[in-house]
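Quick note on numbering: full-length UniProt numbering labels position 223 of the sequence shown as 223, and the sequence is numbered without any gaps. Working notes, structure below.
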Amino acid sequence: MLDLAPVLLSAGDAAVTLLPGAGGRLGSLCLGGTELLRTSQDVADPNGDVFGYGSFPMAPWAGRLERGRFNNGPVRHQLPLDLVPHAAHGTALRGRWRVATAPAATDEGVSAALVHELAEPWPYPGRVTQLFELTPEQLRITISVEALRDSFPAQAGWHPWFRKRLRADGPQAALDFAPAWQEERGADYLPTGRRIDPAPGPWDDCFAFPDGVEATLTWGDELALRITSDCPWAVVFDHQADALCVEPQSGPPNGLNTAPHLVTPIEPLEVTTTWSWRRG
Numbered sequence: 001m002l003d004l005a006p007v008l009l010s011a012g013d014a015a016v017t018l019l020p021g022a023g024g025r026l027g028s029l030c031l032g033g034t035e036l037l038r039t040s041q042d043v044a045d046p047n048g049d050v051f052g053y054g055s056f057p058m059a060p061w062a063g064r065l066e067r068g069r070f071n072n073g074p075v076r077h078q079l080p081l082d083l084v085p086h087a088a089h090g091t092a093l094r095g096r097w098r099v100a101t102a103p104a105a106t107d108e109g110v111s112a113a114l115v116h117e118l119a120e121p122w123p124y125p126g127r128v129t130q131l132f133e134l135t136p137e138q139l140r141i142t143i144s145v146e147a148l149r150d151s152f153p154a155q156a157g158w159h160p161w162f163r164k165r166l167r168a169d170g171p172q173a174a175l176d177f178a179p180a181w182q183e184e185r186g187a188d189y190l191p192t193g194r195r196i197d198p199a200p201g202p203w204d205d206c207f208a209f210p211d212g213v214e215a216t217l218t219w220g221d222e223l224a225l226r227i228t229s230d231c232p233w234a235v236v237f238d239h240q241a242d243a244l245c246v247e248p249q250s251g252p253p254n255g256l257n258t259a260p261h262l263v264t265p266i267e268p269l270e271v272t273t274t275w276s277w278r279r280g
């Protein structure tokens with residue numbers, strides 16, 4: 001039987017809550033009692049708005065998948081459309097996760113791992129693992145996507161909802177980043193394949209970081225959060241009034257079709273992101 005109770009990790013005055021029963025997402029990130037993420041309490045119906053809070057893992061694909069279709073060699077697959085007219089953000093966030101490694105002390109903090117077995121509507125047996133490593137200064141998350149039998153194309157990434165303001169009368173978050181280019185977005189919200197110079201926001205756009213994602217969010221003099229990843233892409237979404245998303249991912253939106261990464265039984269896909277903070 002799966003244990004769906006929240007899992008709490010703490011190191012110094014940093015605390016995170018993992019939600020195995022809500023797509024294996026990070027439900028909360030508190031620093032000294034200050035919440036950095038939009039939480040389930042901030043949305044009207046968290047069960048009906050699985051995309052809209054915390055920080056959820058995207059696997060076995062990230063972002064929008066055109067019309068929910070992809071090929072694996074000569075085989076064509078159709079997935080349900082949950083961000084019409086596309087399928088979005090993978091199936092792992094709608095599935096249940098189990099605690100693979102209970103919270104355990106490390107030399108610097110604490111760690112824990114969650115596991116999800118890929119199942120319908122994803123057509124291939126597989127496994128997604130998340131390792132969370134928390135210290136007083138940073139949170140490091142690693143996602144691994146494994147094929148258990150047949151090889152398949154895959155992507156992985158993260159979709160965090162950071163609060164634009166940490167308190168009602170506080171400064172609004174500012175994003176500092178320097179991507180190599182921006183993927184032109186078509187009318188269908190998918191990359192057209194054309195590279196353009198990075199444009200000012202508002203954004204619902206994909207940016208390229210060939211040497212790995214690096215971005216910093218600052219809330220005035222109160223807090224700076226540095227986001228790094230070995231992923232070469234990030235989507236930035238800031239259209240909503242109270243939150244913004246900086247989403248490292250291993251491939252661009254629709255990447256299962258345009259830039260597939262093949263996962264085999266002996267070659268998993270593994271990506272890592274680190275969030276480190278500095279307080280004023």
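Glycine included, every Cβ here is placed at the ideal spot set by N, Cα and C. Keep in mind that this is a model prediction, so the values were computed, not measured.
From the options, residue whose alpha carbon lies closest to that of residue i
i, options, result
"Ser28", "Asp45, Arg226, Tyr124, Trp161", "Trp161"
"Leu83", "Arg98, Arg69, Asp242, Arg64", "Arg64"
"Thr272", "Asp238, Ile227, His261", "Ile227"
"Pro136", "Cys206, Asp49, Val110, Arg185", "Val110"
"Cys138", "Glu270, Ala11, Glu146, His77", "Reading off the sequence shown, one finds Gln at residue 138, where the question assumed Cys. Of Glu270, Ala11, Glu146, His77, the residue nearest in Cα terms is Ala11."
"Gln182", "Ile143, Val235, Pro57", "Val235"
"Glu270", "Pro6, Val128, Thr106, Asn71", "Val128"
"Val75", "Ala259, His86, Asp150", "Asp150"
"Asn254", "Ala113, Gly170, Gly32, Arg67", "Arg67"
"Gly73", "His261, Gln172, Val7", "His261"
"Val7", "Ala113, Gly52, Leu217", "Ala113"
"Pro171", "Glu108, Ala88, Ala243", "Ala243"
"Pro20", "Ala187, Thr101, Ser250", "Thr101"
"Ala22", "Ala105, Glu267, Gly52", "Gly52"
"Ala168", "Ala241, Tyr189, His86, His77", "Ala241"
"Asp221", "Arg279, His86, His77", "Arg279"
"Ala173", "Asp188, Leu225, Ala187", "Leu225"
"Tyr189", "Pro85, Gly33, Gly48", "Pro85"
"Thr274", "Pro200, Trp233, Val213", "Val213"
"Phe237", "Glu108, Pro200, Ser250, Glu267", "Pro200"
"Ser250", "Val43, Gly33, Pro57", "Pro57"
Beta-carbon gap between residue i and residue j smaller than 8 Å
i, j, result
"Val16", "Phe177", "no"
"Asp205", "Arg185", "yes"
"Pro103", "Leu37", "no"
"Trp97", "Leu166", "no"
"Val263", "Val145", "yes"
"Gln130", "Ile141", "yes"
"Phe70", "Pro191", "no"
"Glu35", "Arg163", "yes"
"Ala180", "Ala208", "yes"
"Pro265", "Thr258", "no"
"Ala88", "Ile143", "no"
"Leu18", "Leu26", "yes"
Supposed contact pair residue j and residue i - C-beta distance, whole angstroms, cut 8 Å
i, j, result
"Cys231", "Gly157", "6 Å"
"Ser229", "Pro248", "4 Å"
"residue 301", "Trp61", "With the chain running from 1 to 280 in the structure shown, residue 301 is simply not present."
"His239", "Pro202", "6 Å"
"Pro46", "Ser40", "4 Å"
"His116", "Gly24", "6 Å"
"Ala5", "Leu134", "Contact doesn't hold; Cβ gap of about 18 Å is too wide."
"Val246", "Leu175", "7 Å"
Beta carbon proximity, residue i to chain B, threshold 8 Å
i, result
"Thr264", "Here there is only one protein chain, and chain B is not present."
State whether the segment 118-133 contacts the segment 89-96, with contact taken as three or more CB pairs (one from each stretch) at a distance under 8 Å. Yes: the two stretches touch, three or more of their Cβ pairs being nearer than 8 Å.
Can you list the beta strand (DSSP E) stretches of 3 or more residues lying completely in the segment 140-222, in chain order? Taking 3 residues as the shortest admissible run, the segment 140-222 contains the following complete beta strand (DSSP E) segments, listed from N- to C-terminal end: 152-154, 157-160, 174-177, 181-185, 191-196, 204-208, 213-219.
Ranges of the beta strand (DSSP E) found wholly within the segment 99-131, counting only runs of at least 3: You should have 110-118.
In chain order, each alpha helix (DSSP H) run of at least 4 residues that lies wholly inside the segment 27-89: You should have found no qualifying run.
Give the list of continuous alpha helix (DSSP H) stretches no shorter than 4 residues that lie fully inside the segment 214-270. Listed in chain order, the complete alpha helix (DSSP H) runs (minimum 4 residues) inside the segment 214-270 are 255-258.
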